[in-house]
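What follows is a short report on a single structure.
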Amino acid sequence: MNKFEQLGLNESLLMAIKDMGFENPSEVQEKAIPLLLDQDIDIVALAQTGTGKTAAFGFPLIQKIDAENKSTQALILSPTRELCLQITNEIKQYSKYVKGLHTVAVYGGASITEQAREVKRGAQIIVATPGRMQDMINRNLVNIKNIQFCILDEADEMLNMGFYEDITAILSDTPDEKKTWLFSATMPQEVARIAREFMTKPTEITVGHKNQGAVNVSHEFYLVGARDRYQALKRLADANPDIFSVVFCRTKRDTQAVAEKLIEDGYNAAALHGDLSQAQRDGVMKAFRGRQIQMLVATDVAARGIDVDDITHVINYQLPDEIETYNHRSGRTGRAGKTGTSIVIVTKSELRKISSIERIIKNKFIEKPIPTGMEICEVQLLHLANKVKSVEVDAEIDTYLPNIMEALGEISKEDLIKKVFSVEFNRFIEYYKKQDILQPQKGERGERGERPVISNDGTTRYFLNLGSRDNFDWMSLKDYLRETLDLGRDDLFKVDVKEGFSFFNTDSIHAEKVMEVLNSINHEGRKVNVEISTNEGGSGRSSGRRDHNNRGGGRSSGGFGSERRSSSRSFSGDREGGRERRSSDRNFAPRTSDKDRPVRNERSATRGDRPRRTRND
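Position 105, counted from 1, in the sequence shown is what the numbering used here calls 891; the numbers after and before it change by one each time, with no gaps.
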């Protein structure tokens, strides 16, 4: 007997399950399906991405829907267009033997008129993104006042994306007697709040522990210097020739820059972020699913809804703003019973976050050294050997063999093997023998090679090439820097704005991050430059956080300098959901006095001869 038969599913569903090749239900399916079939209850199901949650709610939902009744009976909310379409396609596959059952996807970026028309024709199940659904409700294009079921899929992601108001408005438009099924990977406060307000004594299903990471995923971190982050990424890619990965960056700007560097260096890479059009995003995802892209560089927002089972690695090029987001990232690998690896590239200043993540995912990280050049050469040669051994020979090559044999002359078998493999070996060894081992040394210097200047109170002062000519005063600059650097309200102080430049302080623990982030961005088309200053900016911090003109820099009762977070996250600069600032485009700074002149240092330049990766290896 098929194990799905033991769950109480009807014949039409079992036929569809057989067609799809499903044999054994996942843990969340085993727990949820019998419960939802047998009882009319609200449930909260906590399970990682990739554990089969769509089938867990999809099978019982289809079985409970009255296909002869053309009115809308169920609403499924999902965070992104991609996930909305994915759920819709899966529900259609599950219900292909249920005559008269129609499922319609409702999402932004497509014709709202056409979607409304499809709903009007008869849609027992609507799968929707919150924004578009609320829009349709406001326009009276859809009626959900009589639905029997409401499913919130990836509830934590929807709330992290700022959909709380939309979700609450939508739920308020549904009948109180409906059944609500909430599925989530984690249980943050916002999700718990939804459960309290809109659900009746929900039964909780937990696969593993709350917020626990996926069981099939191993977690590794690599400690590097701030300026070696990209080189570390390249080495990790070279050390895993069959890599099929998602690389996560914090901002759209970083995502685009890393992807462009990888492409320039010969890797099959592409960027996925909010500045791309829907057509561009669809094209990138099609190429990724077809394995034309080996390294998809993405922001957290853009990556939501990615459902590809064979991802081998998730690489955290930068850790997320919210530690809980790590769970969603790592859940992109180790799916459908396969194993996967989640990698974090960290600097010393970020090490404390590793411990925080370990507490959340209930799992330990393994610290590993960045592969050496010789280790990479060995891996690449063995990869080539296996590739040569397993390649299928096309008979058409026989036509060209006589000329090939003549060109090769009297080369022995051994010499031929050496020459063939030297093609691959030479390009790696020539590059890596020039490179140092990417391991942070004791007392390692920062991003630009400088040793942070630390005052007696453990703070560091910086020179910045932005000032009042860029439309900043001390309050707006502090706000801009705090958001860009993702620092807390009290982590940045002693902001002193001059005409063409500025000074500010942070605790020295943030020095590496400040140098790394600010020296890698542009502001209104101009390169931002930050350097360590020898000017300590007066004595240590005061309790009042005094800044420019002796005005308090702490939280005010309102106005421009007040705290600006409206949710648990903030996005800096071009981060999706963030805001832009105006500035003029003056690319100079007046001379400073010797007291305020920053410490000047030389940049290390090792770009040189990069080994270009052979495409479509």
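Note that the Cβ used here is the ideal one computed from N, Cα and C, for glycine as well.
Open item on the list: Let's test the definition: count the other Cβ atoms within 10 Å of the Cβ of L1271 and tell me whether it reaches 16, buried, or not, exposed.
Closed with: Along the sequence shown, one-based indexing puts residue 1271 at 485. Label assigned to L1271: buried.
- [ ] Using only alpha-carbon positions, find the residue among V1132, E943 and S958 that is nearest to Q920.
- [x] Here residue 920 refers to the residue found at position 134 when the sequence shown is read from its first residue. Measuring C-alpha to C-alpha distances from Q920 to each of V1132, E943 and S958 identifies S958 as the nearest.
Open item on the list: Taking only three categories from DSSP, how would you classify E1210?
Closed with: As a position in the sequence shown, residue 1210 is number 424, starting the count at 1. In the structure shown, E1210 sits in a helix (DSSP, three-state: H, G or I).
Task: Close beta carbons around I1295, own chain, < 7 Å, minus the five adjacent residues each side - done: Taking the sequence shown and counting its residues from 1, the one referred to as residue 1295 is at position 509. Excluding positions up to five away in sequence, the list reads S1135.
Task: C-alpha distance - Q1104 paired with A1055, whole-angstrom precision - done: Residue numbering aside, residue 1104 sits at position 318 when the sequence shown is read from its first letter. Residue numbering aside, residue 1055 sits at position 269 when the sequence shown is read from its first letter. Approximately 17 Å between the Cα atoms of the pair.
TODO: Determine, using beta-carbon pairs with one atom in the stretch 1028-1035 and one in the stretch 850-863, whether at least three such pairs fall under 8 Å.
DONE: The stretch 1028-1035, when compared against the stretch 850-863, does not touch it at the 8 Å Cβ threshold.
Task: 8 Å Cβ shell around I1079 - same chain, five flanking residues per side excluded - done: Within the sequence shown, the letter at position 293 stands for residue 1079. So the qualifying residues of the chain are N1054, A1055, A1056, V1070 and A1073.
Open item on the list: Using CA atoms only, rank isn't needed, just tell me which of A941, V1100 and G948 is closest to F1007.
Closed with: As a working note, residue 1007 is residue 221 in the sequence shown. Closest option to F1007, Cα to Cα, is V1100.
TODO: Count the other CB atoms, across all protein chains shown, that sit within 10 Å of the CB of A762; report buried if there are 16 or more and exposed otherwise.
DONE: Here the chain comprises residues numbered 787 to 1403, so residue 762 is not present and cannot be evaluated.
Task: Bridge partner(s) assigned by DSSP for W1260 - done: As a working note, residue 1260 is residue 474 in the sequence shown. In DSSP, W1260 forms no bridge with anything.
TODO: Just mark D942 as buried or exposed, buried being the case when its beta carbon has 16 or more other beta carbons within 10 Å.
DONE: To locate residue 942, count along the sequence shown from 1; it is residue 156. Note on D942: 16 or more other CB atoms within 10 angstroms of its CB, so buried under the neighbour-count rule.
Open item on the list: Am I right that V877 and G844 are in contact with their C-beta atoms under 8 Å? What's the rounded C-beta distance?
Closed with: The sequence position of residue 877 within the sequence shown is 91, counting from 1. The sequence position of residue 844 within the sequence shown is 58, counting from 1. Per the sequence shown, the amino acid found at residue 877 is Ile instead of Val. That pair is a contact at about 5 Å.
Task: Helix, strand or coil at A941 [DSSP, three-state] - done: Locating residue 941 in the sequence shown gives position 155, counting from the first residue. Judged by DSSP in its simplified three-state form, A941 adopts helix.
Open item on the list: Excluding the 5 residues flanking L793 on each side, which residues of the same chain have their C-beta closer than 6 Å to its C-beta?
Closed with: As a position in the sequence shown, residue 793 is number 7, starting the count at 1. Within the same chain, L793 has close Cβ partners I819 and P820.
Open item on the list: At 4 residues or longer, what runs of the alpha helix (DSSP H) sit wholly inside the stretch 1054-1139?
Closed with: Counting whole runs of 4 or more residues, the stretch 1054-1139 contains the alpha helix (DSSP H) stretches 1064-1075, 1086-1089 and 1111-1116.
Task: Cα-Cα separation, F1034 to T1085 - done: Residue mapping note: residue 1034 aligns to position 248 of the sequence shown, counting from 1. Residue mapping note: residue 1085 aligns to position 299 of the sequence shown, counting from 1. Distance between the alpha carbons of F1034 and T1085: 6 Å.
- [ ] Starting from L795, trace the beta strand (DSSP E) both ways and give me its first and last residue.
- [x] One-based indexing of the sequence shown puts residue 795 at position 9. Per DSSP, L795 lies in no beta strand (DSSP E) segment and is marked neither H nor E.
- [ ] Using only alpha-carbon positions, find the residue among I980, V890, D828 and I933 that is nearest to D852.
- [x] Along the sequence shown, read from residue 1 onward, the residue named residue 852 stands at position 66. If we check each option's Cα against that of D852, I933 comes out closest.
Open item on the list: Which runs of the alpha helix (DSSP H) at least 4 residues long sit entirely within the stretch 1143-1194? Give them in chain order.
Closed with: Within the stretch 1143-1194, the complete alpha helix (DSSP H) segments at least 4 residues long are 1159-1176 and 1187-1194, listed from N- to C-terminus.
Task: Distance between beta carbons of A802 and V814, contact taken as under 8 Å - done: Working through the sequence shown from its first residue, we reach residue 814 at position 28. Working through the sequence shown from its first residue, we reach residue 802 at position 16. Not really, about 19 Å apart at Cβ, beyond 8 Å.
Open item on the list: Just list the residues that DSSP pairs Y1248 with in beta bridges.
Closed with: Numbered from 1 along the sequence shown, position 462 holds the residue referred to as residue 1248. For Y1248, which the question treats as bridged, DSSP gives the partners F1290 and I1318.
TODO: Return helix, strand or coil for H888, following the three-state DSSP convention.
DONE: Taking the sequence shown and counting its residues from 1, one reaches residue 888 at position 102. In the three-state DSSP reduction, H888 falls in the coil class, being neither helix nor strand.
TODO: Quick one: residues in its chain with C-beta nearer than 7 Å to the C-beta of T986, no 5 flanking neighbours on either side, listed in chain order?
DONE: For this step, residue 986 is matched to residue 200 along the sequence shown. Beyond the five residues adjoining it in sequence on each side, T986 comes within less than 7 Å, by CB distance, of D828 in the same chain, given in chain order.
Open item on the list: A1089 and F969 - do their beta-carbons sit closer together than 7 Å?
Closed with: Residue mapping note: residue 969 aligns to position 183 of the sequence shown, counting from 1. Residue mapping note: residue 1089 aligns to position 303 of the sequence shown, counting from 1. For F969 and A1089, no; Cβs fall outside 7 Å.
Open item on the list: Helix, strand or coil for C936? Go by DSSP, reduced to three states.
Closed with: Locating residue 936 in the sequence shown gives position 150, counting from the first residue. Correct three-state label for C936: strand.
Open item on the list: Taking only three categories from DSSP, how would you classify Y1008?
Closed with: Reading the sequence shown from its first residue, position 222 is the one you call residue 1008. Residue state, collapsed to three classes: strand.
TODO: If I'm right that H1309 touches L1252 with Cβ under 8 Å, what's the distance once you round it to whole angstroms?
DONE: In the sequence shown, counting from the first residue as 1, residue 1309 sits at position 523. In the sequence shown, counting from the first residue as 1, residue 1252 sits at position 466. With 8 Å as the limit, H1309 and L1252 qualify as a contact, their Cβ atoms being about 6 Å apart.
Task: P1155 to D1051 span [Cα, whole Å] - done: Your numbering for residue 1155 matches position 369 in the sequence shown. Your numbering for residue 1051 matches position 265 in the sequence shown. Going by the C-alpha atoms only, they are around 23 Å apart.
TODO: Return the Cβ separation of E889 and T866 in integer angstroms, given the expectation that the two are a contact with Cβ distance under 8 Å.
DONE: For this step, residue 889 is matched to residue 103 along the sequence shown. For this step, residue 866 is matched to residue 80 along the sequence shown. In the sequence on display, residue 889 carries Thr and not Glu. With a contact defined as Cβ atoms closer than 8 Å, T889 and T866 miss out at about 17 Å.
Open item on the list: The beta strand (DSSP E) that contains S1031, what's its start and end?
Closed with: As a first step, residue 1031 is located in the sequence shown; it is residue number 245 there, counting from the start. Note, S1031: beta strand (DSSP E), S1031 to F1034.
TODO: State the Cα-Cα distance for the pair I991 and I1146, rounded to the nearest angstrom.
DONE: Within the sequence shown, numbered from 1, the residue matching residue 991 stands at position 205. Within the sequence shown, numbered from 1, the residue matching residue 1146 stands at position 360. The straight-line gap from Cα to Cα measures roughly 18 Å.
Open item on the list: Do C1163 and F1207 count as a contact pair if the criterion is CB distance below 7 Å?
Closed with: On the sequence shown, position 421 is the one that residue 1207 refers to. On the sequence shown, position 377 is the one that residue 1163 refers to. No, they are not a contact pair.
Open item on the list: I'd like to know whether the C-beta atoms of K894 and R925 end up nearer to each other than 7 Å.
Closed with: The sequence position of residue 894 within the sequence shown is 108, counting from 1. The sequence position of residue 925 within the sequence shown is 139, counting from 1. One detail in the question is off: residue 894 reads as Gly in this sequence, not Lys. Between G894 and R925, the C-beta spacing is not below 7 Å.
- [ ] Can you tell me which of N796, L938, W967 and K817 puts its alpha carbon nearest to the alpha carbon of V884?
- [x] Along the sequence shown, one-based indexing puts residue 884 at 98. That would be N796, whose Cα lies nearest to the Cα of V884.
Open item on the list: Less than 7 Å between the beta carbons of N1291 and K1284, yes or no?
Closed with: Locating residue 1291 in the sequence shown gives position 505, counting from the first residue. Locating residue 1284 in the sequence shown gives position 498, counting from the first residue. Taking 7 Å as the Cβ cut-off, N1291 and K1284 do not qualify as a contacting pair.
Task: Expected contact under 8 Å - CB spacing of P811 and K789 to nearest Å - done: Position 25 of the sequence shown, counted from the first residue, corresponds to residue 811. Position 3 of the sequence shown, counted from the first residue, corresponds to residue 789. Indeed, because the Cβ distance is near 6 Å, the residues count as touching under 8 Å.
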